[in-house]
Amino acid sequence: MYSWDGDTSDWYGDESYSYSGGDARRRAAADRAKSYGPRSYERKSGPNEKIIDPSKIVRTESTNPLIVAIDVTGSMAGWPFEIFDRLPLLYNTLVQYREDLEICFVAIGDAVVDRWPLQVTEFASGFDLEQLLGSLFGEGGGGDSPESYGLFAHWVNTHVEAPNSGESPFLIVFGDAPMHEIVPAAQIKHYLGDEVGQDVDAIAAWQQLTEKWNTWFLRRPTGRDGDRVDKQWGDAISEQKIMRIHDEQRAVDYAMGLIARYWGHFDNFQDNMRARQDDDKVEAVSKVIEIVCPRCGAPIPTSATGMFTCKYCGATLSLS
Numbered sequence: 114m115y116s117w118d119g120d121t122s123d124w125y126g127d128e129s130y131s132y133s134g135g136d137a138r139r140r141a142a143a144d145r146a147k148s149y150g151p152r153s154y155e156r157k158s159g160p161n162e163k164i165i166d167p168s169k170i171v172r173t174e175s176t177n178p179l180i181v182a183i184d185v186t187g188s189m190a191g192w193p194f195e196i197f198d199r200l201p202l203l204y205n206t207l208v209q210y211r212e213d214l215e216i217c218f219v220a221i222g223d224a225v226v227d228r229w230p231l232q233v234t235e236f237a238s239g240f241d242l243e244q245l246l247g248s249l250f251g252e253g254g255g256g257d258s259p260e261s262y263g264l265f266a267h268w269v270n271t272h273v274e275a276p277n278s279g280e281s282p283f284l285i286v287f288g289d290a291p292m293h294e295i296v297p298a299a300q301i302k303h304y305l306g307d308e309v310g311q312d313v314d315a316i317a318a319w320q321q322l323t324e325k326w327n328t329w330f331l332r333r334p335t336g337r338d339g340d341r342v343d344k345q346w347g348d349a350i351s352e353q354k355i356m357r358i359h360d361e362q363r364a365v366d367y368a369m370g371l372i373a374r375y376w377g378h379f380d381n382f383q384d385n386m387r388a389r390q391d392d393d394k395v396e397a398v399s400k401v402i403e404i405v406c407p408r409c410g411a412p413i414p415t416s417a418t419g420m421f422t423c424k425y426c427g428a429t430l431s432l433s
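Structural data, given as structure tokens:
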């Protein structure tokens with residue numbers, strides 16, 4: 114479990130965090146966390162297959178669903194565990210802004226070589242997320258390069274239901290690799306239990322997904338700008354929605370900052386981040402987020418202040 118102050122059983126955080134909402138939900142999660150103790154990824158040999166089975170339909174009634182997917186293949190090194198361990202921070206920060214927030218966590222591997230290439234949880238909130246996250250397994254396998262991001266996109270398109278989301282909900286992917294261009298029909302049948310009749314084009318699956326989900330690829334710092342990974346993901350979700358992140362311990366902050374920016378609480382997010390990080394790190398994260406529209410990824414003029422409407426997607430932002 115992520116440690117707020119060296120105490121790994123503390124979900125709630127301390128008084129230096131200026132939360133203005135979601136207090137009851139956070140306290141309930143904190144009480145449950147204390148009774149269970151810390152989560153550990155040590156000595157695991159696999160996931161809880163009953164919980165992470167991707168053949169199920171995942172449905173949420175929340176108006177603010179969020180999907181966070183993490184590439185858990187070997188090339189990601191220790192990044193998945195750094196991201197997983199910040200679960201309380203992710204939820205506790207965002208729930209203050211929208212209290213019906215529910216999150217679905219996904220672990221992505223390579224269906225060509227991995228045993229569990231797609232692990233998914235239900236949508237949940239509070240300490241239920243902690244228990245669901247503990248069912249995932251960082252297999253650490255994967256092939257030489259492409260991973261099964263396309264299988265994940267097809268799963269979202271066919272197995273996720275979020276009927277009450279009033280606006281395009283966020284879907285965040287942490288990764289560093291290109292994707293297999295084709296998702297074989299046999300693979301879909303094997304892992305999802307669906308008869309599709311023909312192979313699925315991975316890029317097309319992602320393009321379909323972005324029609325409903327505000328999708329971002331937060332890329333671990335590998336390769337060069339404009340390389341194969343950037344080009345393929347640019348075709349899939351648009352190049353503006355690719356964000357390079359350079360600090361694994363701040364990876365979740367980038368995701369939270371994007372969402373807080375779009376929801377109109379970026380100043381509060383920065384204040385909370387300053388309670389646990391020095392100004393240089395807050396500035397480094399903020400600088401990347403402040404120059405792009407959190408809805409479409411288009412550039413925002415540095416001179417923009419007050420209420421700003423993106424001319425590309427129409428999103429209205431409150432800028433300081």
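Residue 125 in my numbering sits at position 12 of the sequence shown; the count goes up by one each step and never skips. We put the CB at the ideal spot given by N, CA and C, even for glycine.
Going by DSSP in three states, residue i sits in which element: helix, strand or coil?
i    : result
C423 : coil
L305 : helix
A388 : coil
V365 : helix
I350 : helix
L284 : strand
R374 : helix
R341 : helix
S431 : strand
A275 : coil
V395 : helix
V269 : helix
P414 : coil
D198 : coil
D127 : Unreliable placement is indicated for D127, whose pLDDT of 48 sits below 50; the coordinate value is still reported in the next sentence. Correct three-state label for D127: coil.
N327 : strand
I165 : helix
E403 : helix
I221 : strand
I170 : coil
D380 : helix
E294 : coil
For residue i, does the count of other Cβ atoms within 10 angstroms reach 16, so buried, or fall short, so exposed?
i    : result
R199 : buried
H378 : buried
N277 : exposed
G239 : buried
A146 : Residue confidence is low: A146 scores 49 on pLDDT, short of 50, so the model does not pin down where it sits. No coordinate-derived value is stated.
E155 : No answer about E155 holds up, because its pLDDT of 47 lies below 50 and its placement is not dependable.
A299 : exposed
T234 : buried
Q311 : exposed
K344 : exposed
P201 : buried
H267 : buried
P259 : buried
Y210 : buried
Please say whether residue j and residue i have beta carbons closer to each other than 9 Å?
i    : j    : result
E215 : P160 : no
Y375 : P407 : yes
A290 : D213 : no
L242 : Y204 : yes
S261 : I164 : no
D338 : R357 : yes
P182 : F236 : For clarity, residue 182 is Ala in the given sequence; the question names Pro instead. Not a contact, by the Cβ cut-off of 9 Å.
W229 : M292 : no
A220 : F250 : yes
L446 : F265 : Residue 446 is absent from the structure shown; the chain starts at 114 and stops at 433.
T457 : T429 : This structure leaves residue 457 out entirely; the chain is present only between 114 and 433.
G279 : T186 : no
D340 : K394 : no
Can you tell me the Cβ-Cβ gap for residue i and residue j, rounded? I've got them flagged as a contact below 8 Å.
i    : j    : result
G222 : E174 : Rounded, the Cβ-Cβ distance is 29 Å, inconsistent with contact.
V313 : G263 : 7 Å
I98  : V309 : This structure does not reach residue 98, given that the chain is present from 114 up to 433, and the question cannot be answered.
V171 : V273 : 5 Å
L207 : I316 : Not quite, the Cβ-Cβ distance comes to about 30 Å (not below 8 Å), so this is no contact.
R333 : M189 : 6 Å
S168 : G336 : Actually they are not in contact, since the Cβ atoms of S168 and G336 sit about 33 Å apart, beyond 8 Å.
W319 : A349 : 4 Å
S351 : G288 : Not really, about 16 Å apart at Cβ, beyond 8 Å.
Handout entry: Cβ pair count under 8 Å reaching 3, the stretch 326–343 against the stretch 278–288
Key = yes
Practice task
Pair every Cβ in the stretch 350–370 with every Cβ in the stretch 402–419, then say whether three or more of these pairs are closer than 8 Å.
Solution key: yes
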